[in-house]
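Quick notes on the structure that follows.
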Amino acid sequence: MIRFDPSHQLLAVGVAILAGFVDAIGFVESAGFFVSFMTGNSTRLAVGLAEAQHAALVAAIIIAVFIAGVVAGSLVGAGAGRRRTPAVLLGVTILLTIATLLRLEGEGWSAILSLALAMGVANTAIAGRDGSVIGVTYMTGTLVQMGQKIANAVRGEGDRRWLHHLGLWAALVGGALLGARAVIWSPPLAYALAVALAAVLALRAGWIVRNVG
Numbered sequence: 104m105i106r107f108d109p110s111h112q113l114l115a116v117g118v119a120i121l122a123g124f125v126d127a128i129g130f131v132e133s134a135g136f137f138v139s140f141m142t143g144n145s146t147r148l149a150v151g152l153a154e155a156q157h158a159a160l161v162a163a164i165i166i167a168v169f170i171a172g173v174v175a176g177s178l179v180g181a182g183a184g185r186r187r188t189p190a191v192l193l194g195v196t197i198l199l200t201i202a203t204l205l206r207l208e209g210e211g212w213s214a215i216l217s218l219a220l221a222m223g224v225a226n227t228a229i230a231g232r233d234g235s236v237i238g239v240t241y242m243t244g245t246l247v248q249m250g251q252k253i254a255n256a257v258r259g260e261g262d263r264r265w266l267h268h269l270g271l272w273a274a275l276v277g278g279a280l281l282g283a284r285a286v287i288w289s290p291p292l293a294y295a296l297a298v299a300l301a302a303v304l305a306l307r308a309g310w311i312v313r314n315v316g
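Counting along the sequence shown from 1, when you hit position 19 you're at 122 in my numbering, and nothing is skipped either side.
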């Protein structure tokens, strides 16, 4: 996170909000599965296998779709060059639009898989010049780095850069809170809001490419 310039850091926060928002939609709609947090689905897969439950198959399918999204997003990003981020976020917007249409047609699980595919793509959106990527749909590594930097600060070393990690985590949690409230109130509205947020982020990314570099 701290390796990126401020404009990309803010964009990463926006994508984290989107990831939390969409993950909450998927969690509520699927009754307990995740569309962006694959660590949780991996645990559900393991427990499902141990208990010989159908949940294992569901978790495995979502994980596979998410990985396919990462592959697709990486290929799109590599082909887009310096326009990687807006191109990838445009892809996320399209996939979320497809998920919304499927949900309106009553295709609940197809919509959930489209959400998972979109979140896999979203993880490839922001890459540094050295090829490093900000993972925006999982926060364990972010929290570990934050804890390490707090420990450094306690010892009188380092600086306040742990606040960047705290902000990214808070963005995902805040997005999840908003997504949960929205989908409980009106699932179609929640899906539509996710599409709108992704579109705004794609436009913002395009502006950054044109004006910041």
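Quick reminder that beta carbons are idealized off the backbone N, C-alpha and C, glycines included.
The model shown is predicted, which means the values in this text are computed figures rather than measured ones.
By the Cβ rule, the region 185-192 counts as touching the region 218-231, because three or more pairs are nearer than 8 Å. When the Cα atoms are used, Ala279 and Trp310 turn out to be separated by approximately 26 Å. Put simply, the backbone Cα of Leu266 is about 28 Å away from that of Ala285.
In the DSSP assignment, Gly209 falls outside any alpha helix (DSSP H), carrying neither H nor E. Taking Ile215 as reference, the option from Gln112, Asn314, Gly117, Asp126 with the minimal CA-CA separation is Asp126.
Inclusion of Met242 and Leu275 in the CB contact set at 7 Å is warranted, their separation being smaller than that value.
If only complete runs of 4 or more residues are kept, the region 147-213 shows the alpha helix (DSSP H) at 158-183, 187-207, in order along the chain. A Cβ-Cβ separation of about 6 Å places Met222 in contact with Ala122 under the 8 Å criterion. Our two residues, Ala171 and Gly209, have alpha carbons roughly 24 Å apart in a direct line. In the structure shown, the three-state DSSP call for Gly129 is helix.
Take Thr196, set aside five residues on each side of it, and the residues of its chain with a beta-carbon closer than 7 Å to its own are Val298, Ala301, Ala302, Ala305, in chain order. A Cβ-Cβ contact shorter than 7 Å links Phe124 with Gly282.
Minimum Cα-Cα distance from Val138 among the listed residues Arg186, Leu113, Ser177, Ser213 corresponds to Ser213. A distance below 7 Å between beta-carbons, with the five flanking residues on each side excluded, links Asn144 to the following residues of its chain, in chain order: Phe136, Phe137, Ala162, Ile165, Ile166. In the structure shown, the three-state DSSP call for Gly135 is coil.
Per DSSP, the unbroken alpha helix (DSSP H) holding Val298 starts and ends at 290-314.
The alpha carbon of Gly117 has as its nearest neighbour, out of Val239, Glu260, Ser289, the alpha carbon of Val239. It is roughly 17 Å from the alpha-carbon of Ile120 to the alpha-carbon of Met141.
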